[in-house]
């Protein structure tokens, strides 16, 4: 007669090993818990430590075919398949280069806006992929800064469009991630002050020579306030900001009803010197025009001079290289180091590189080591 008790004692440890092995294969590594980022005067802090953002904008995986997949779409685009393995490799690479924050772009249509044409569009898959992305970044001690409403129609900033933008895109995303660890801040819109898609004369909404630009500034500022208020309601402990094309447009136009400097939790702005042509170029600007690094110093100094004691985060800065650019690789390395030094000397919260150079080793090198 078979002794079942003895057999069980022999088999049970083996079963435990098998089950544990299966569980380890099926379950992803649990995400690392990163401390919330908070504002402390003009600094950011995690717990008791000052937090300097050493970041980059993460637009696509490093192994992507840019002819078909120039931007991550979180599985919403069949031409750009979701590839978590590549993201794991990239985050490990970025961590090794000293990166502690990535800024990512959430397409309006991929994250809900597609319901305009397909009421049955399901954004649960992009949201799940976004959740996985943040998990992977956090496992490598990297915070994530999501940008909302990417590719949002440039002519829909009036009050009659608020609810559509909020209901189709903002609420589903923010509610899904509210209270989650590992998110640096919400960036509610990218460069609302650059109105060139509406009228080239409004490439800066502070163009006082053309009345439409002031109207555009008024309308877009009110839109940003509506976004800020709703995001803050849904995720009240999270920092919320908006990335401006020019630092000065936190307090310009002078006579605007709203100055966004009074609204956000921290300032966020972009700096591009003299190229690319279709960017907000400081050297070509009537207000700045001194070139790098003087204009970068000025942008920081003016925000500090407002006296609102808010951190400054440069969420895009970069310099093109290559056949059609003016800078060599050596000049890129020099100017990025100057930018880091300026950011530190000016008591900012840090910088986030723009990847004109798709190779992260060329872009970042030992900048943050």
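Residue numbers (this note's numbering): 3 to 371. Backbone N, C-alpha and C define an ideal beta-carbon position, used for all residues, glycine too.
- For residue 180 and residue 241, believed in contact at Cβ under 8 Å, the rounded distance: With 8 Å as the limit, residue 241 and residue 180 do not qualify as a contact, their Cβ atoms being about 13 Å apart.
- Message: Comparing C-alpha positions only, which one of 165, 81 and 77 sits nearest to residue 69?
- Response: Taking only the C-alpha atoms, the option nearest residue 69 is 81.
- Message: How far does the alpha helix (DSSP H) with residue 337 in it extend, from its first residue to its last?
- Response: Per DSSP, the unbroken alpha helix (DSSP H) holding residue 337 starts and ends at 331–347.
- Please classify residue 26: is it buried, with 16 or more other beta-carbons within 10 angstroms of its beta-carbon, or exposed? Because the pLDDT at residue 26 is just 34, under 50, the model does not fix this residue reliably, and the value given afterwards should be weighed accordingly. When all chains shown are included, residue 26 counts as exposed.
- Mark residue 116 as exposed unless 16 or more other C-beta atoms lie within 10 angstroms of its C-beta, in which case mark it buried. With 16 or more Cβ atoms within 10 Å of its Cβ, residue 116 is classed as buried.
- Indicate the three-state DSSP secondary structure (helix, strand or coil) for residue 273 in the structure shown. It is a strand residue.
- Message: Taking 7 Å as the limit between beta carbons, can you name the residues of its chain near residue 157, skipping five residues before and five after?
- Response: These residues qualify, in order along the chain: 200.
- In its own chain, which residues sit with a C-beta less than 7 Å from the C-beta of residue 220, not counting the 5 before and 5 after it? Result list for residue 220: 258 and 259, in chain order.
- With 16 as the cutoff for other CB atoms within 10 Å, does residue 170 come out buried or exposed? Residue 170 should be labelled buried.
- Query: With C-beta atoms as the reference, is residue 72 less than 9 Å away from residue 107?
  - Reply: Taking 9 Å as the cut-off, the beta carbon of residue 72 is found no closer than this to the beta carbon of residue 107.
- Between the beta-carbon of residue 55 and the beta-carbon of residue 319, is there less than 9 Å? The Cβ atoms of residue 55 and residue 319 lie no closer than 9 Å to each other.
- For residue 57, does the three-state DSSP call read helix, strand or coil? If DSSP states are grouped into helix, strand and coil, residue 57 belongs with the strands.
- Task: Can you say whether residue 222 is buried or exposed, counting buried as having 16 or more other CB atoms within 10 angstroms of its CB?
- Result: Here residue 222 is buried: its Cβ has 16 or more other Cβ atoms, across all protein chains shown, within 10 Å.
- Message: With H, G and I counted as helix, E and B as strand and the rest as coil, what does DSSP make of residue 103?
- Response: Reduced to three states, the DSSP call for residue 103 is strand.
- Can you give me the start and stop residues for the alpha helix (DSSP H) that residue 362 sits inside? Note, residue 362: alpha helix (DSSP H), 362–365.
- Identify the residues that DSSP records as bridge partners of residue 319: which are they? In the DSSP output, where bridge partners are listed per residue, residue 319 has 273 and 355.
- Item | C-beta contact flag for residue 189 and residue 197 at 9 Å | By the CB criterion at 9 Å, residue 189 and residue 197 fall outside the cutoff.
- Please look up how many angstroms separate the CB atoms of residue 268 and residue 41, rounded, as I've assumed it's under 8 Å. The beta-carbon separation of residue 268 and residue 41, rounded to 6 Å, stays under the 8 Å limit for a contact.
- Message: If I follow the unbroken alpha helix (DSSP H) through residue 178, where does it start and stop?
- Response: Residues 173–179.
- Item | Beta-bridge pairing of residue 145 - partner residues as DSSP gives them | Residue pairing for residue 145: DSSP places it in a beta bridge opposite 103.
- Message: Considering only their Cβ atoms, is the gap separating residue 363 from residue 386 smaller than 9 Å?
- Response: Residue numbering for the chain in the displayed model covers 3 to 371; residue 386 lies beyond these limits and cannot be assessed.
- Message: What would DSSP say about residue 78, mapped onto helix, strand or coil?
- Response: Correct three-state label for residue 78: coil.
- Message: Taking its Cβ as the centre, do 16 or more other Cβ atoms sit within 10 Å of residue 35, making it buried, or is it exposed?
- Response: Classified as exposed, residue 35 has fewer than 16 neighbouring CB atoms from the shown chains inside 10 Å of its CB.
- Message: So the candidates are 66, 101 and 62; which of them puts its Cα closest to the Cα of residue 74?
- Response: Comparing Cα-Cα distances from residue 74 to each of 66, 101 and 62, the minimum goes to 62.
- Message: Using 9 Å as the threshold, is the C-beta distance between residue 250 and residue 208 below it?
- Response: Residue 250 is a Cβ neighbour of residue 208, given a cutoff of 9 Å.
- Message: Let me check understanding here. Comparing Cα to Cα, which of 296, 212 and 325 lies closest to residue 343?
- Response: Closest in alpha carbon position to residue 343, among 296, 212 and 325, is 296.
- Range covered by the beta strand (DSSP E) that runs through residue 40: Run containing residue 40: 39–42, per the beta strand (DSSP E) assignment.
- How would you write the range of the alpha helix (DSSP H) that residue 227 sits in, first residue to last? 213–236 is the extent of the alpha helix (DSSP H) around residue 227.
- Message: Taking DSSP's pairing of strands, which residues face residue 187 in a bridge?
- Response: According to DSSP, residue 187 bridges with 241.
- Query: What does a CB cutoff of less than 6 Å around residue 192 pick up in its chain, not counting 5 residues either side in sequence?
  - Reply: Taken in chain order, the residues that qualify are 149 and 245.
- Message: In the DSSP output, which residue or residues are listed as bridge partners for residue 283?
- Response: Answer is 274, bridged to residue 283.
- Name, in chain order, the residues that DSSP records as bridge partners for residue 46. Residue 46 pairs with 41.
- When the Cα atoms are used, what is the spatial distance from residue 159 to residue 153? Taken atom to atom, the span from the alpha-carbon of residue 159 to that of residue 153 is near 13 Å.
- For residue 263 and residue 309, the rounded distance between their alpha carbons: Separation of residue 309 and residue 263 (C-alpha to C-alpha, rounded to the nearest whole angstrom) is 10 Å.
- Label residue 281 either buried or exposed according to how many other C-beta atoms from any shown protein chain fall within 10 Å of its C-beta, with 16 as the threshold for buried. Residue 281 counts as buried, since at least 16 other C-beta atoms from the protein chains shown sit within 10 angstroms of its C-beta.
- Excluding five sequence neighbours on each side, which residues of the same chain lie with their C-beta closer than 7 Å to the C-beta of residue 76? In its chain, beyond the 5 residues on either side, 84, 112, 128, 131 and 132 have a beta carbon closer than 7 Å to the beta carbon of residue 76.
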